[in-house]
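**Q**
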Amino acid sequence: MPQQPIHVIGGGLAGTEAAWQIAQAGIPVVLHEMRPQRFGGAHHTEELAELVCSNSFGAMAADRATGLLHEELRRLGSVVLSKADEHKVPAGGALAVDRGQFSHDLTQTLANHPLVELRRDEVRSITDGIVVIASGPLTSPDLAEDLRRLTGMEYLSFFDAASPIIVGESINRDIAFMASRYDKGEAAYLNCPMNKEEYLRFWQELRQAEQVELKDFDREKVKFFEACLPIEELALRGEETMRYGPLKPVGLIPPNAPINEKGLPERPYAVIQLRQEDKQGQLWNMVGFQTNLRWGEQKRIFQMIPGLENAEFVRLGVMHRNTFINAPQLMNTSLQFKERPHVFAAGQIIGTEGYTAAAAGGWLAGTNAARLALGKEVVSLPNTTMMGALFEFISSASPKHFQPMPPNFGILPDLGMKIKSKPERYGKYRDRSFADLANWRLGVGIS
């Protein structure tokens, strides 16, 4: 009897990774993607694994939380990380990609796999058989309603936003200078310096700027994801908030900086960083400038930034609602639903945050869906790995106060020793993760 296909709902990072792992295990898979029939509020293309916000996967170094997650996925054969490495662009110590080439390559790779059927359709209800739900934070209303019926629970929600993208030729290179903070990695960011007067004028304009109305929601009750706050929200939190956040000037010295009384180059009062979007350096993303400002206000205020006075925007910032399930009440560390063991889920819909975490969830959900189809026992990763710790957190956190969680060292088990040096401590976390992951792979038979 031929093997019944596994259905993966959603062609984002999690769904793409899940479908690939299922197919690589020798199981036919149907990958459902509703675009171009229906677009989510933040999507612009029909490609799989479209990066709707930043083009950065976070820090590359394995002694950083996201970098550790990167390396764990590489060792587990992640297709998303493989393509990210292939299409990376200069970004200092971060893994950033040419988003167009990255998504196009993944689309072609999945579409050309003999065991993958890519269906361009909207799934309105969860089918029988083994299913992976990876519909993301912009799940369509009909599927969301069916998921509510399946789980008996309402969604939780918060608002997320994307930054503007600028044409490189429109940036004034007489003002903007190339550098990475503390000269870490290659000089990969364009930096627009501000003096105090310029900063305060910019801050005041942001505080008074007109925002897009969030329809059907009370502005006072809106929840933002704290790791991705709109720039105007940071401005409203105080005069210095942006200078301790995305406009932090430390470690960035312009080549023509004036010399202070101590004989040292004087750093700017604030700095706006632009990160390269594509391999040719034709497009640049405003780092940390997620926004819900009206488009006319964005152009007016952001062109106040030194170096961006003639900036040409190919994409302006947008805000969209993200929804996620209450994973601690509903899911196991295997990413199975507790009451529906044939249904798995991954990505932002389960309350993990960030591109790499979405790919990690897709890897585990896809791997376990395939194992279930093959009659094997499903697996959970060691909680001493970043992947294992992340999935243990989302399945065991307090359901009452559950919020999306990015990869971070705070969720890992204690090392059992006092190490004051943060780099040394993080290095120990890394080494333990790699050792435990290698032993786990041998134990469960994952090559």
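Numbering (numbering that gives the first Met the number 0), first residue to last: 0 to 446.
Glycine included, each C-beta is placed from N, C-alpha and C at the ideal position.
1) Please state whether DSSP places L389 in a helix, a strand or coil.
2) Below 8 Å on the Cβ atoms is my contact criterion, and I expect I393 with G350 to pass it. Report the Cβ-Cβ distance as a whole number of Å.
3) Buried or exposed for Y181, going by 16 or more other Cβ atoms inside 10 Å?
4) Which residue from V96, S55 and V29 puts its Cα closest to that of I129?
5) For I410, count neighbouring C-beta atoms within 10 Å of its own C-beta (all shown protein chains included) and say buried if the count is 16 or more, exposed if not.
6) Checking the sheet assignment: what are the DSSP bridge partners for C191?
7) Report the start-end ranges of each alpha helix (DSSP H) in the segment 272-359 that is 4 residues or longer and not cut off at the edges.
8) Put H112 into one of helix, strand or coil per three-state DSSP.
9) Between G306 and I170, which are expected to be in contact by the criterion C-beta below 8 Å, what is the C-beta distance as a whole number of angstroms?
10) Kindly indicate the opening and closing residues of the beta strand (DSSP E) around H6.
11) If you drop the 5 nearest sequence neighbours on each side, which residues of the same chain put their C-beta closer than 6 Å to that of Q100?
12) Tell me whether the segment 318-328 and the segment 14-28 touch, counting them as touching only if at least three CB pairs, one residue from each stretch, are closer than 8 Å.
13) Where are the alpha helix (DSSP H) runs, 4 residues long or more, that stay fully inside the segment 40-91, in chain order?
14) Determine the direct distance from the alpha carbon of F176 to that of Y428, and round the result to whole angstroms.
15) Per DSSP, M404 forms a beta bridge with which residues?
16) Within its chain, find whatever has a CB closer than 8 Å to the CB of L273; leave out the 5 residues flanking it on each side and keep chain order.
17) Out of I252, G250, D277 and Q210, which one is the CA nearest neighbour of L235?
18) Assuming K82 and D97 make a contact with CB atoms under 8 Å, what is their CB distance in whole Å?
19) Whose CA, out of L263, Q3 and G365, lies closest to the CA of L12?
20) Does the separation of the CB atoms of I8 and A133 fall below 8 Å?
21) So who's on the other strand from F176, going by DSSP bridges?
22) By the three-class DSSP mapping on this structure, what secondary structure does I410 have?
23) Let me check understanding here. Comparing Cα to Cα, which of I21, P113 and P163 lies closest to G295?
24) I'd like to check one pair, V342 with V443: are the Cβ atoms closer than 8 Å?
25) So is E144 buried or exposed if we call it buried at 16+ other beta carbons inside 10 Å?
26) Helix or strand or just coil, what does DSSP make of V29?
27) For Q498, which residues does DSSP report across the bridge?
28) In or out: M416 buried (at least 16 other Cβ within 10 Å) or exposed?
29) Could you check the C-alpha separation between A388 and A161 for me, to the nearest Å?
30) Check for me: the alpha helix (DSSP H) holding V378 runs from which residue to which?
**A** Considering the structure as presented:
1) helix
2) 5 Å
3) Its Cβ having fewer than 16 others within 10 Å, Y181 is exposed.
4) V29
5) Buried, because 16 or more other Cβ atoms sit within 10 Å of the Cβ of I410.
6) I271
7) Assignment of alpha helix (DSSP H) within the segment 272-359, counting only whole runs of 4 or more residues, yields 294-301 and 326-329 in chain order.
8) coil
9) 6 Å
10) For H6, the uninterrupted beta strand (DSSP E) segment begins and ends at I5 to I8.
11) H86
12) Verdict: no, contact absent.
13) 64-74 and 78-85
14) 36 Å
15) The bridge partners DSSP lists for M404 are T351.
16) I165, I170, A175, Y188, L189, N190, C191, W283, N284, M285 and V286
17) Q210
18) Not confirmed; about 11 Å, so no contact.
19) G365
20) In this structure, A133 lies closer than 8 Å to I8 by Cβ.
21) N190
22) helix
23) P163
24) The Cβ-Cβ distance between V443 and V342 does not fall below 8 Å.
25) exposed
26) strand
27) With the chain represented from 0 up to 446, any question about residue 498 goes unanswered, as that position is not in the structure.
28) exposed
29) 28 Å
30) Unbroken run through V378: none, as it is neither H nor E.
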